[in-house]
Structure formats: structure tokens, C-alpha cells
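What follows is a short report on a single structure.
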Amino acid sequence: MAKDEVKLLGYWASPLALRVEWALKIKGIQYEYIDEDLMNKSPMLLQYNPVHKKIPVLSLVIIEYIDETWKENPIFSEDPYEKAQARFWAKFADDKCQPSILNAFLNQGEELENAVKETGFADAAIGWIPFWTGMTEEIICVNLVDEENMPLLRAWFEDVLNVEILKERLPPRDKTLAHCKMFRESLLSTAAAATAST
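For what it's worth, this note's numbering labels the leading residue of the sequence shown as 17, then goes sequentially.
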């Protein structure tokens with residue numbers, strides 16, 4: 017595939033699209049970024065993802081594909097053990113860290129307290145998690161990853177957000193924060209209405 021044929025269908029506030037974009041940047045691959053309107057999905061998105069109709073569903077698989085297709089600036093180690101370790105931690109982040117942060121984002125009261133404890137699992141993650149964790153912490157007014165209990169992870173959060181190649185593609189913080197607040201309020205309202213009607 018020629019470099020000028022690479023298209024990334026994303027959404028400005030999606031961490032999953034962001035990590036694919038980071039991989040393309042790290043590899044030095046020229047690409048066209050197409051920002052989707054998720055309320056009015058493009059024919060291209062529906063054509064290439066007819067089942068889930070989301071952007072991008074298999075982002076870890078996409079990153080591996082990018083790394084295997086373009087050999088310059090490898091993302092994965094050539095050592096099979098180190099590559100397996102990287103895959104394990106990426107999957108761990110998706111299976112453990114992401115759901116626990118989302119759980120905290122979507123809850124209030126006692127359920128929020130339980131979700132905060134669960135977030136302590138986030139002792140290894142990938143680059144987008146610190147940014148969205150910070151948003152969640154500000155919105156729910158609770159430290160999910162605090163300096164006293166998780167100093168190394170907190171330090172890593174700060175370090176990873178200062179990596180220039182990652183930092184330059186983060187969405188605008190104020191805009192993302194406003195978007196996340198509105199999204200959370202909408203989800204909580206829907207959940208409350210569903211509970212009231214049962």
C-alpha cells in the first residue's frame with residue numbers, strides 16, 4: 017500500500033483513534049486523517065466497518081498491522097518475548113484499566129467509590145490513559161491515581177504526557193473536558209431515566 021493511500025477514520029475525542037495516529041506518527045507514515053461525525057457517519061465508515069459502525073474498533077490490531085507493513089521505526093521489539101510482553105500489557109490496559117476508568121466516569125456515590133478502588137489496577141497502561149484519566153479525575157472530583165498511593169504511576173502519567181510526539185496530537189484539553197462532562201451528564205441522565213421507569 018502506498019503511503020498516500022493511508023486514511024485514518026477517527027474522532028477528535030477518541031483515545032482509540034489517537035493511539036493509531038500516534039503509531040502512524042512514530043513510524044513516519046504519511047496519512048490522511050478524516051474526522052468522523054459520529055451522529056452522521058460517513059458512507060466510508062459504514063462501508064469499512066459495517067458490523068460495529070465505530071472508529072477504530074481493532075486499534076491494537078491496526079497498530080500491529082502498521083508495524084508489520086512498514087518496517088521503518090519499529091514499534092515492537094524483534095525479540096519474541098519482549099513483543100509478547102508488550103502485547104500482554106496493551107491487552108491488560110484495554111481489559112483492566114480502560115473499563116475501570118470508564119466505570120468511575122459513569123458512576124456516582126458508592127458505585128463511584130468502588131470504581132475508584134478498582135482503578136488502582138492501572139499500574140501499567142498505554143499513552144492515552146493519563147490524558148483521559150485526568151479528565152475523569154477533574155469531572156468526578158476524585159483522584160483515581162494519586163501521588164501518595166501510586167507515586168510511580170503518577171510520575172509516569174506526567175512523563176508520558178510530555179513526550180512531544182504524543183503531546184502534539186492530543187485533542188484540546190478544554191474542548192475535551194467540556195465534551196466529556198456533557199457526555200457523562202447525558203449517560204447519567206439516561207441511566208436515571210431507565211431506573212425510574214423500571
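In this text, a Cβ means the ideal position worked out from N, Cα and C, and glycines have one as well.
Here the structure is a predicted model, which is why all the values come from computation and not from measurement.
Proximity below 8 Å, CB of Ile155 to CB of Arg200: Taking the first residue of the sequence shown as 1, we reach residue 155 at position 139. Taking the first residue of the sequence shown as 1, we reach residue 200 at position 184. Closer than 8 Å, so yes.
Pairwise C-alpha distance: Trp105 and Ala140: Locating residue 140 in the sequence shown gives position 124, counting from the first residue. Locating residue 105 in the sequence shown gives position 89, counting from the first residue. Per-residue confidence for Ala140 stands at a pLDDT of 30, beneath the threshold of 50, marking its modelled position as unreliable; the derived number appears in the next sentence. Using only the alpha carbons, I get a separation of about 7 Å.
So within the region 158-209, which uninterrupted alpha helix (DSSP H) runs reach at least 4 residues, ignoring any that extend past its ends? 167-176 and 180-183
Start and end residues, alpha helix (DSSP H) containing Leu74: Residue numbering aside, residue 74 sits at position 58 when the sequence shown is read from its first letter. No alpha helix (DSSP H) holds Leu74; DSSP gives it neither H nor E.
Out of curiosity, what's the CA-to-CA distance linking Glu164 and Thr85? Here residue 164 is taken as the residue at index 148 of the sequence shown, counted from 1. Here residue 85 is taken as the residue at index 69 of the sequence shown, counted from 1. Answer to the nearest angstrom: the Cα atoms are 43 Å apart.
Got a sec, what are the start and stop residues for the alpha helix (DSSP H) Gly150 sits in? Position 134 of the sequence shown holds residue 150. It spans Trp144 to Ile156 - the alpha helix (DSSP H) in which Gly150 sits, taken as one unbroken run.
How many Å lie between Leu160 and Glu153 at the Cα? One-based indexing of the sequence shown puts residue 160 at position 144. One-based indexing of the sequence shown puts residue 153 at position 137. So the two alpha carbons sit approximately 6 Å from each other.
Looking at the structure shown, is Tyr27 part of a helix, part of a strand, or coil, going by DSSP? The residue given as residue 27 occupies position 11 in the sequence shown. Note: Tyr27 maps to coil in three-state DSSP.
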